[in-house]
């Protein structure tokens, strides 16, 4: 068995500015990499500003760690910085009996007849040495054109299928939809990839014994270079950052991620 | 025991108190105006004094009797009796658990009656007498059942509105002084809801008896504006 | 009975006076309507009630055990009593509730069970409502008012008092609260169709009526924000806001009706939610089919109350029966409530029947079919002042705190249209008081 290990440094910063200032601001974050069979946290720190905000830690129903709380006093600035070092093995998560919620339709991932027909059609495609998940990943990758600002956090898999445009999250949703149409267990993952930019989204598909990673955006099976934060049925189960403010304000949000091998 | 109030409920209690008093006094003053009109000599414009005091512009385009009708029933005119009663209801409806269904029912009765009378454009104001009776019953019911801060906020609203209407309609000085004294006693039990600066200003204005004359419009406007910003809920 | 009929106007006046209304939106405009009240009560004899009471308690106990099981061990699925398609794929199933045990282990604190009485006298269950069943306040206040207007009737008949509903709720809320803080009733606001009920129940239970924005979560504790930002700890929330709007950080992000991070407080066991989250998995029209089996499975007892004869197209045998007999069945969409999504085979054209068949073939999990039950009509006094028969159902309220108890009354709803079977208030129906006789 390979026990090859690689180490990655990650840093995730999100900053919000509010005009006018706000009070009673609530938040829930999934900003710290998870710990599992292939991934271990060597070092980690989480800094939330204003520093006297209320911050709690817990685990959600899908097993992801969450960081949540509130800042009740007036403020116009909110910042989260999460950084650390992760030690990874090759991407695989053993799970003898995957939960059936991952093979059933979910909030953003339902299917229409056309989508189901398409799933059956692409599953027929054969290519020497390719597994079914790889074939599906390939098909989804070529179905969608990468384009920003066409979709958002409420875009469903069916909409993406017909629009044929979107970003990493939409690629992931469509791949999951196709898998579930075919009776496979598939779940949505968010996390970091090598380089700089925003958080990334990909898919874990169960092969009968374990969850393996597939990235339809970059059209590949995942082995290295992906640090996982959280998973769920679709993005609505595991957004990396959600906030709630009840008063009127304009929010200017910037998100920055970087990850590199060390 | 619904003793814990949110800021929103406190605000609504205060305004319920104000509107209930405004409705009561408005009807009272309108009845008086209707009575005075009996003796107005032919050729003079009836009701113009009442309307001016309610800040209603008396125009040549419509008759003042028509304006009085609007003053009763027009749902789009914020100073009409109908609007005042609708606003009473608007505040009361979220306060049922705090003031109890018995008190609440009198507001409901007023609202249903004014809507019914507006429907038929009732001109005989004595037909609205039940509203006066029910508003008095409402206050009686409040005294009977409601205590603590809930009661104080309603009472502060009532007194403040009373003061406002007394000044607006040139009541005798001693009536204003009496109301102010009662309001000051409320401040002792519930000081936090009063704006200290406005309180001082109003105290200064009212205690200066010499300024209180019928024609001194600027003084009146000052008192009314201080009343407006006296309570912070 | 004559006294009751003679007092109709005065009773209705009293109801108006107390503002017994429900809100409706018509063309986007909010209006409050009186809920039409019929003076002739539904009478249930003591012996009949005692059977109903036992049956309802049994059913609600089984439903509570099912909810615990589904969110923990899932034995009933593993044992093949309920197929997984009716749990995980149900819209009401919330994976977010996996492993959470609500305060005192109670899920369905207030269950509204809808029944009808067939012409042969049998009572049949039509529907379980385990999320936010509403309507108890109407017979409560109707009783208060009719007792005022018709004292002799109440002296002459031995009728169980139903004005204790507030006390029953309070006792249950206190038990769930466990001394952690105050009790609150959380309303979506005054423009909710059941706002009268929210405010009336707050008055009758002594709970604080909380509006969106009044509650906050800090370090997993829930607080009511009082005047000048004073914080008062909340121990139990009878929430009248549906699951998906309850916590914008856990569910529907656009919800302005919820309490952010309430889910975390609930998970940490710091607040009781009445009813619990995720109850929808046990009360949709599909799972209904399996409730008698739950009774046997969890309690080892024969169900005292039967379901109306129901067929699930999901099962091959039932599917074939439905396709053959669709013209005489009622077809219901499992995802709909409030009388919507109900189709009577006998009212449909052959073309429409064919369409519905296709719908069933395409998505068998989405539909159930039931025999049209010939149920007993009750007389109402119609617009012309004459007695006239109407379809009626009964919503019984079953309250579970330390024990499971049935409120000795219920909401009897009738259809205003003599030919209609749909009795929901949102569809223009009216209501009657329900008298449980002492003898």
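Residue numbers (this note's numbering), protein chains in the order written: chain A, 13 to 274; chain B, 346 to 578; chain C, 912 to 1350.
Ideal Cβ placement from N, Cα and C applies to all residues, glycine included.
Note that the structure is a prediction, hence the values are computed from the model and not measured.
- Query: Roughly how many angstroms separate the alpha carbons of residue 1051/C and residue 1076/C, rounded to a whole number?
  - Reply: 7 Å
- Query: Which residues of chain B have a Cβ atom closer than 9 Å to the Cβ of residue 1290/C, listed in chain order?
  - Reply: What residue 1290/C touches in chain B: nothing, since even the nearest Cβ is about 29 Å away.
- Task: Can you pull the chain C residues whose beta carbon is under 7 Å from the beta carbon of residue 256/A, in chain order?
- Result: Neighbours of residue 256/A on chain C, chain order: 1159, 1160 and 1171.
- Query: Closer than 8 Å, CB to CB, is residue 1124/C near chain E or not?
  - Reply: Absence of chain E from the displayed structure is noted, the protein chains being A, B and C.
- Would residue 53/A pass as a contact of residue 60/A if the rule is Cβ separation under 8 Å? no
- Message: Any contact between the stretch 993-1003 of chain C and the stretch 1187-1206 of chain C? By contact I mean 3 or more CB pairs, one from each, below 8 Å.
- Response: yes
- Rounded to the nearest angstrom, how far is the Cβ of residue 197/A from that of residue 115/A, given a contact under 8 Å? 5 Å
- Assigned exposure category for residue 347/B - 16 Cβ within 10 Å defines buried: Model confidence at residue 347/B stands at a pLDDT of 45, short of 50, so the residue's coordinates are unreliable; what they give is reported in the following sentence. Burial is judged here by how many other beta carbons sit within 10 angstroms of a residue's own beta carbon; residue 347/B has at least 16 and is buried.
- Nearest residue (CA-CA) to residue 398/B, options 411/B, 386/B and 375/B: 375/B
- Pair within 8 Å by beta-carbon distance, residue 1281/C and residue 1240/C: yes
- Task: Determine the contact status of residue 234/A and residue 19/A, defining contact as a CB-CB distance below 8 Å.
- Result: no
- Identify every run of the alpha helix (DSSP H) within the stretch 1259-1329 of chain C, keeping only runs that are complete inside it and at least 4 residues long; order them along the chain. 1261-1273
- Query: Hey, quick one: how far does the beta strand (DSSP E) through residue 144/A stretch, first residue to last?
  - Reply: Segment 144-155 is the alpha helix (DSSP H) holding residue 144/A; no beta strand (DSSP E) there.
- Could you name the residues of the stretch 410-439 of chain B whose beta carbon sits closer than 8 Å to any beta carbon of chain C, in the order they occur along the chain? 438 and 439
- Message: Can you check whether the C-beta of residue 1120/C is within less than 8 Å of a C-beta belonging to chain B?
- Response: yes
- Message: Residues of the stretch 996-1008 of chain C in Cβ contact with chain A at a cutoff of 9 Å, in chain order, please.
- Response: 996, 998, 999, 1000, 1004, 1005, 1006, 1007 and 1008
- Please confirm whether residue 1057/C and residue 922/C have their CB atoms less than 8 Å apart. yes
- Which chain C residues sit within Cβ distance under 7 Å of residue 441/B? 1110, 1111 and 1114
- Looking only at C-alpha atoms, which of 980/C, 990/C and 1102/C sits nearest to residue 1008/C? 980/C
- Task: Identify whether residue 238/A lies in helix, strand or coil by the three-state DSSP scheme.
- Result: In the three-state reduction of the DSSP assignment, residue 238/A falls in the strand class, which pools E and B.
- residue 1179/C to residue 1021/C span [Cα, whole Å]: 22 Å
- Run of the beta strand (DSSP E) containing residue 1041/C, from where it starts to where it stops: Where residue 1041/C is concerned, there is no enclosing beta strand (DSSP E), given that its DSSP letter is neither H nor E.
- Query: Can you list the residues of chain C that residue 107/A reaches, using a CB-CB cut of under 8 Å?
  - Reply: The contacting residues do not exist; residue 107/A stays about 15 Å from chain C at best.
- Where the stretch 449-474 of chain B meets chain C: residues whose CB sits under 8 Å from a CB there: 449, 450, 453, 454 and 457
- Message: Please list, in chain order, the residues of the stretch 141-156 of chain A that have any C-beta partner in chain C closer than 7 Å.
- Response: none
- Minimum C-alpha distance to residue 1218/C - residue among 1264/C, 1283/C, 1086/C and 1157/C: 1283/C
- Express the C-alpha separation of residue 255/A and residue 263/A in angstroms, rounding to a whole number. 11 Å
- Query: Is the Cβ-Cβ distance between residue 239/A and residue 203/A less than 8 Å?
  - Reply: yes
- Message: Can you list, in chain order, the residues of its chain with a C-beta nearer than 6 Å to that of residue 369/B? Leave out the 5 residues immediately preceding and following it.
- Response: 480
- Relative to the C-alpha of residue 1286/C, which residue among 952/C, 927/C, 1016/C and 1026/C is closest? 1026/C
- Message: For the pair the stretch 1162-1178 of chain C and the stretch 103-117 of chain A, tell me if three or more CB-CB distances fall below 8 Å.
- Response: no
- Query: Ordered along the chain, which non-local residues of its own chain (more than five positions away) have a Cβ less than 7 Å from that of residue 509/B?
  - Reply: Scanning its chain for C-beta atoms nearer than 7 Å, with the 5 sequence neighbours on each side dropped, one finds around residue 509/B the residues 569 and 572, in chain order.
- Message: Strictly under 8 Å for the Cβ-Cβ distance: is residue 351/B near chain C by that measure?
- Response: Closer than 8 Å to the CB of residue 351/B there is at least one CB belonging to chain C.
- Run of the beta strand (DSSP E) containing residue 22/A, from where it starts to where it stops: 18-34
- What does residue 41/A pair with, by DSSP beta-bridge criteria? In the DSSP output, where bridge partners are listed per residue, residue 41/A has 79/A and 253/A.
- Task: Would you check if there are 3 or more beta carbon pairs closer than 8 Å linking the stretch 1123-1140 of chain C to the stretch 944-962 of chain C?
- Result: no
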